[in-house]
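Residue numbers (the numbering used here): 1 to 219.
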């Protein structure tokens, strides 16, 4: 099943662009992987080819070691942003959703040990399941919103966007200093603690605030 941007269940005539991501934007997640807490955002990009729907069945790579889930609030960009401020970043947001930053953890660890880039552990085909989006008005405060992931009925990840090291609008503004953001681009905002390996047959349910819920099965 191919991915297409949607807002409140209605398809959008908007291209799927790049996905700009941030590493270690929740301190507890950095600590759980024995990584230092960063003093500025660590950015990387997933290509459009990594995106699949966060619904139905999600296929994870076989024979590459553990594939970890990293649940994140996703942001759909609706206006061009370049060297923007926080207020401009806020006004450019078309919708909020949920995304999984799927990570081949064993492969990433091997690459990091060699001081090699680790894009192939983060940006492979299917590495970025995205839900549909809801409007900003459907979240009381996007900078203070709960998100959670359960796997087979057990809570794995739970956090609040208020715990981001770099807050939401400031993060998007920072990204725009380095990468021009265009309508149809997506921002992933970091993952709370609780990341773990996925297995075929796992049933996932992710929730953002009170307005968005999505379910999928791992194959």
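Ideal Cβ positions, reconstructed from N, Cα and C, are used throughout, including at glycine.
DSSP places residue 46 in the strand class (E or B) of the three-state scheme. Per the Cβ contact rule, the stretch 109 to 122 is not in contact with the stretch 87 to 95 (fewer than 3 Cβ pairs under 8 Å). Under the three-state reduction of DSSP, residue 146 is assigned to strand. Taking the C-beta atoms as reference points, residue 195 is found no nearer than 8 Å to residue 128.
Residue burial is scored here from C-beta neighbours: residue 155 has fewer than 16 other C-beta atoms within 10 angstroms and is therefore classed as exposed. Secondary structure at residue 183: coil, using DSSP grouped into helix, strand and coil. The secondary-structure analysis by DSSP pairs residue 77 across a beta bridge with 93. Rounded to whole angstroms, the gap between the alpha carbons of residue 62 and residue 48 is 21 Å.
When the alpha-carbon of residue 201 is set against those of 3, 77, 65, 60, the nearest one is in 60.
Counting only runs that start and end inside the stretch 152 to 184, the beta strand (DSSP E) elements of at least 3 residues fall at 154 to 160. Residue 4 and residue 115 have their alpha carbons spaced roughly 35 Å apart. If you draw a straight line from the Cα of residue 51 to the Cα of residue 14, it is about 15 Å long. Rounded to whole angstroms, residue 199 and residue 157 show a C-alpha spacing of 16 Å. Check the Cα spacing between residue 69 and each of 192, 210, 209: the tightest is with 192.
Here residue 125 is exposed. Its C-beta has fewer than 16 other C-beta atoms within 10 Å. No residue range can be given for residue 119, since it is assigned to no alpha helix (DSSP H) and is classified by DSSP as neither H nor E.
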